[in-house]
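A.B. asks: Residue numbers (the numbering used here): 1 to 690.
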Amino acid sequence: MKNRWDEREARSFIARYKAAGPDLALRTYSARLIGRDSSLVLHGGGNTSVKTVSRTLDGETAQVICIKGSGWDLATIEPAGHPAVKMEPLERLRALPWLSDEDMVNASRTNMLDAAGPTPSVETLLHAFLPHRFIDHTHADAVLSITNQPDSEKRARAWVGEHLGVVPYIMPGFALAKLAAEIYERDPSVEGLVLVKHGIFTFGDTARQSYDRMIEWVDSAERLIARSKRFTFHPLRLPDKAHARDVGIAANLIRGQCFLPSNGGRQATPRQPLIVRHRSSDAILEFVTSREAARLSQQGPATPDHVIRTKAKPLLMPAVPVADEKRFGAALRVRLAEYIKAYQAYFHHQSRAKQVVRTPLDPVPRVVLVPGVGLFGLGIDAKAADVALDIYEHTINVITNASRIGTYRALPDGDLFDLEYWSLEQAKLGKATPKAFAGKVVWISGAAAGIGLATAKAFAKDGAHVFLTDRDGPALEEVIKQIGLGRQGASMRCDVTDKVQVNVAFERCSLTFGGVDIVVSNAGVAPVHDIASCPEPMLRESYEINFFAHQHVAQAAVRIFKRQALGGVLLFNASKSAFNPGPGFGPYTLPKAGVIALTRQYAVEVGKMGVRVNAVNADRVQTGLYRNGLLAKRAKARGLTVQEYVKGNLLGEEVFAEDVAQAFVALAQARKTTGAVLPVDGGNAAAFPR
Ligand code: ZN
C-alpha cells in the first residue's frame, strides 16, 4: 500500500481552497488520496471528517464537524462535499439510550450550517463521538480479508495488538457510534479502530497523521496476507476457451432472462431490461472457473453496504459451454429460478424473524459468474452495472486473500437484511421515476450526422444507451466526444452494405451493453438519374445501401431479439418517394419502395416474437443526403426555389432532422403499432401512405 501524500500537493490544496480554510482544504486533499485507491474504497464508500471552527453569520464562532456528505465520492470530493454540522448538539445525543436512523439523519441535517448542503454520512455520529480532529474510514480489501473470518475478532486482535481498538460487527447507526466511542475510551492511546466485517478507522491531530496511519495499517494487513502461501483453486474442466462471440451470446441470454418485473399498471412496460456489462481477467477467470467458486461465491459481500449494489450473492452458472446456446440458456433458466426462490425465501424468513414490514426489492441478481467467460454486471444503466463489476472484482480479491490466511466468512443473512432493507433506503423506493428508455439499448446506423445523430441524441436524452455506427469512423468518434454520452454511448465504424461488418457491430453492441432493444436502420444515399438511361451499376449500388443494408441490419437484430426474447423494435428510414416518386429520383425510389415492403414483411413475420416494425417517411430534410447541391436540383426538378421546396408542404414548415428523430422515438414507444409508415414531411397529400 503506497503512501501518496505529497507535501507540495498538500500545500497547493491550501492555496486552491483558501476560502474553505486550511483544515477543510487538507481534509479535501487526503480524502481524495483515499478515494483514488480502489483497494481502500469503492464508489462512494468510506467517509472522512475534520473538526474545526466555523464562523456563523452573526459573527459568532461554532465548533463544527465537516463530514462527508452522501452522494459525494471521495475520489473527486470538493470542500462542499464535507458539509459542516454543529458539534455540540451532536455530542449531546450520546446520552440517549436509543435513536432511530431517521432521527439521527434529522439531527445532523437540522444542525448543518448550510441548509442546502448534502445529507451528512450515516456514520456522522461515530465521527462526532470521537475526539480526534481528523478521522478517516475505509473498507480496505486487505482489512476485509482478515476480518471476514469465522474467528474475526481474535484474528483482528492478533493482527493489531493494542494499537487499534477492535469493534465487533453492528450495523452502521447510533448503536455502532456509541460502541465505537466506548471501545476507544477504554484505551485512548489507540490510533484507530478495526470494525469487524466492515472496515477500519484511523485518527490523527492532522490530516497527514490520520492518513499515514490508514496507509500504515492497511499496508500491515497486506503484509500479513503476503506471508501466507497463495491459495490454490482447482479448475473446472471446460471445453474450449470462450471467444468474443460466446461472450456476446452469454450477455444476450443473461439480459433476456434477468430483467426486472413490471412496475404494474396496464400501460407499464411489461419487462424492464437491464444493461449487462462483461469483465474478465486472469484472477476473475481463475475464480469463476474453479470448483471452490460454488462455496466461496455464495457467502455474502465483503462489507455490508455492497449489498445495495450487488445483492448479497451473485448467480453462479454451472460449467456449460456458452457455444451450446440452448443448453446454456436452459441452465441459466434453472439457476435463475433457484436464485429468485432463494431470494424470496430470504426476504420472507428475515422479515418474519425480525417482525418488520418491508417492501420486497426485485429478486434479480446484479452479478452473474460464468465459468470460462468471466463476470457479468447488471444495472439500470452502464454505470450501475460497472459499479457491481468493480465491487465484485474486489470481492474476489478479498475472498481469495481471506482463503489464503483462513476461511472466508461473510456476515450472516440477518445482518445483510438489516442493511439491504434499511428504513432509510426503503423510504427512497418508488420516488424516482425512471426515464422512458432507461435500461434500453438503441442501435443506429448512419449516426455521425443528420437524422441518425439527431435520433441518437433524442433517445439518449430519454435515458437510452446508444450504439452508433457510421461508415465515417473519425466523424463518429468526434460526434461521440461532442455529445458527451460517457458510458451511455458507444460507437463503431461500420459499412452496413457489408453483412460481416454489420454482424460484428451487433456483436460489439452485445459486448458493450448486453444486447439491443431498438434498431434504427437509417443509413442511406440518394443517387439521381432518369431511370430509362440509368447505368445498371448505379442502380445496383443504390440497392446495396438503400435496400440490402437494411436487410443486413434487420437480420442481425432479429437474431439478437430472438435470443433475448424481450421483444424489440425495428425502425427503418424509408422515403416518401415510394408513394410519390419524383422525376429523376428512380435509383433512390426503387430500393426505398423495397424498404416499405421490407417493413411490412418483417412486421408480418416477427410480430409473434413481440417485435414491432415500422418505418418513417421523411422528406426534404436538409442533411448530408442532399449534399453537393442535390437539394437545389430536386427543387429545380419540381420547378421551385429551395425555400419553396423545403416549405412546400401542408403545414408550410421546414422539416428538421430533430423532427424525424421525434418520429422514431414516438414509434419506439407506440406499443401496439406495427407495420406502419409514419410521414414526417410537413404534410403532403400526394405522399400519404397507402
Ligand atoms: Zn463503512
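The beta-carbon is built from N, C-alpha and C at its ideal position, and this holds for glycine as well.
Are R559 and F506 closer than 9 Å when you measure CB to CB?
C.D. replies: In contact: R559 and F506 (Cβ atoms closer than 9 Å).
A.B. asks: Distance check for D141 and N397, CA to CA, integer angstroms please.
C.D. replies: Their Cα atoms are separated by approximately 7 Å.
A.B. asks: Once you ignore the five residues that flank K311 on each side, which residues in its own chain have a CB closer than 7 Å to its CB?
C.D. replies: Only P365 and R366 meet the Cβ criterion.
A.B. asks: Can you give me the Cβ contacts of L630 inside the same chain, cut-off strictly under 7 Å, excluding the 5 residues immediately before and after it?
C.D. replies: Hits under 7 Å: A526 and V528.
A.B. asks: To which residues of the same chain is N503 closer than 6 Å at the C-beta, ignoring the five residues directly before and after it?
C.D. replies: Excluding residues within five positions, the ones whose Cβ falls inside 6 Å are A556.
A.B. asks: Nearest to G683 by CA position, among E653, Q669 and A668, is which residue?
C.D. replies: That would be E653, whose Cα lies nearest to the Cα of G683.
A.B. asks: What three-state label does DSSP hand L411 in the structure shown?
C.D. replies: Three-state DSSP puts L411 in coil, outside helix and strand.
A.B. asks: In terms of DSSP beta bridges, what is G204 paired with?
C.D. replies: DSSP, once it has assigned bridges, lists F134 as partnering G204.
A.B. asks: For the ligand ZN, is there a heavy atom less than 8 Å away from the beta-carbon of T303?
C.D. replies: Yes, the Cβ of T303 comes within 8 Å of a heavy atom of the ligand ZN.
A.B. asks: Does DSSP classify F467 as helix, strand or coil?
C.D. replies: Three-state DSSP puts F467 in a strand.
A.B. asks: Between E420 and the ligand ZN, is there a pair consisting of the residue's CB and a ligand heavy atom that are separated by less than 8 Å?
C.D. replies: For the ligand ZN, not one heavy atom lies less than 8 Å from the Cβ of E420.
A.B. asks: Label H394 either buried or exposed according to how many other C-beta atoms from any shown protein chain fall within 10 Å of its C-beta, with 16 as the threshold for buried.
C.D. replies: Buried, since its Cβ has 16 or more Cβ neighbours within 10 Å.
A.B. asks: Got a sec, what are the start and stop residues for the alpha helix (DSSP H) G452 sits in?
C.D. replies: Its alpha helix (DSSP H) spans residues G450 to K461.
A.B. asks: Closest to L453 by C-alpha separation, out of A62, D246 and A657, would be which residue?
C.D. replies: Among A62, D246 and A657, the Cα nearest to that of L453 is on A657.
A.B. asks: Helix, strand or coil, according to DSSP, for T673 in the structure here?
C.D. replies: Three-state DSSP puts T673 in coil, outside helix and strand.
A.B. asks: Taking C-beta to C-beta, are A632 and F585 nearer than 9 Å?
C.D. replies: Against a cut-off of 9 Å, the Cβ pair of F585 and A632 comes out as no contact.
A.B. asks: Would A694 and I444 qualify as a contact pair, given that the criterion is a beta-carbon distance under 9 Å?
C.D. replies: Only positions 1 to 690 of the chain appear in the structure, and residue 694 is not among them; the question remains open.
A.B. asks: Please look up how many angstroms separate the CB atoms of V660 and V616, rounded, as I've assumed it's under 8 Å.
C.D. replies: Confirmed, about 6 Å.
A.B. asks: Would you report the Cα separation of A554 and V595, rounded to the nearest angstrom?
C.D. replies: Each residue's alpha carbon lies about 11 Å from the other.
A.B. asks: Helix, strand or coil, according to DSSP, for S575 in the structure here?
C.D. replies: The answer is coil: DSSP assigns S575 none of H, G, I, E or B.
A.B. asks: Would you be able to state if there are at least three C-beta pairs under 8 Å between the stretch 330-342 and the stretch 401-408?
C.D. replies: No, the stretch 401-408 does not touch the stretch 330-342.
A.B. asks: Sort S189, R155 and V194 by Cα distance to I748 and report the nearest one.
C.D. replies: Limits of the chain in this structure are 1 at one end and 690 at the other, which puts residue 748 out of reach.
A.B. asks: Report the residue ranges of all beta strand (DSSP E) runs contained in full by the stretch 366-450; include only those spanning at least 3 residues, in chain order.
C.D. replies: Entirely contained in the stretch 366-450, the beta strand (DSSP E) runs reaching 3 residues are, in chain order, 367-370, 374-379 and 441-444.
A.B. asks: Any heavy atom of the ligand ZN inside 8 Å of the beta-carbon of L195?
C.D. replies: The answer is yes for L195.
A.B. asks: Please go through the stretch 136-201 and give each complete beta strand (DSSP E) segment of 3 or more residues, from N-terminal end onward.
C.D. replies: Entirely contained in the stretch 136-201, the beta strand (DSSP E) runs reaching 3 residues are, in chain order, 164-167 and 192-195.
A.B. asks: State the DSSP-derived secondary structure class of P97, mapped to helix, strand or coil.
C.D. replies: Reduced to three states, the DSSP call for P97 is coil.
A.B. asks: What residues in its chain sit with their C-beta under 8 Å from that of R157, if we drop five residues either side in the sequence?
C.D. replies: Once the five neighbours on either side are set aside, the close Cβ partners of R157 are V166.
A.B. asks: Put F585 into one of helix, strand or coil per three-state DSSP.
C.D. replies: Reduced to three states, the DSSP call for F585 is strand.
A.B. asks: Please list the segments of the alpha helix (DSSP H) lying wholly inside the stretch 488-523, counting only runs of 4 or more residues, in order along the chain.
C.D. replies: With a minimum length of 4 residues, the continuous alpha helix (DSSP H) runs that stay inside the stretch 488-523 are 499-513.
A.B. asks: H550: which of A532, D530 and N522 sits nearest, CA to CA?
C.D. replies: When only C-alpha atoms are compared, the closest one is N522.
A.B. asks: Are the beta-carbon atoms of K86 and A62 separated by less than 9 Å?
C.D. replies: In this structure, A62 lies closer than 9 Å to K86 by Cβ.
A.B. asks: Would you please state the rounded distance, in angstroms, between the beta carbons of F203 and F134? I believe it to be under 8 Å.
C.D. replies: Contact holds; Cβ gap of about 7 Å.
A.B. asks: Helix or strand or just coil, what does DSSP make of G248?
C.D. replies: Reduced to three states, the DSSP call for G248 is helix.
A.B. asks: For the alpha helix (DSSP H) that contains R92, what are its first and last residues?
C.D. replies: Counting along the chain, the alpha helix (DSSP H) containing R92 begins and ends at M87 to R92.
A.B. asks: Taking 7 Å as the limit between beta carbons, can you name the residues of its chain near K499, skipping five residues before and five after?
C.D. replies: Excluding sequence neighbours, K499 sits near H552.
A.B. asks: Report all residues from its chain with a CB closer than 6 Å to the CB of V442; omit the five preceding and five following residues, and keep chain order.
C.D. replies: Within the same chain, V442 has close Cβ partners F459, A464, V466 and I518.
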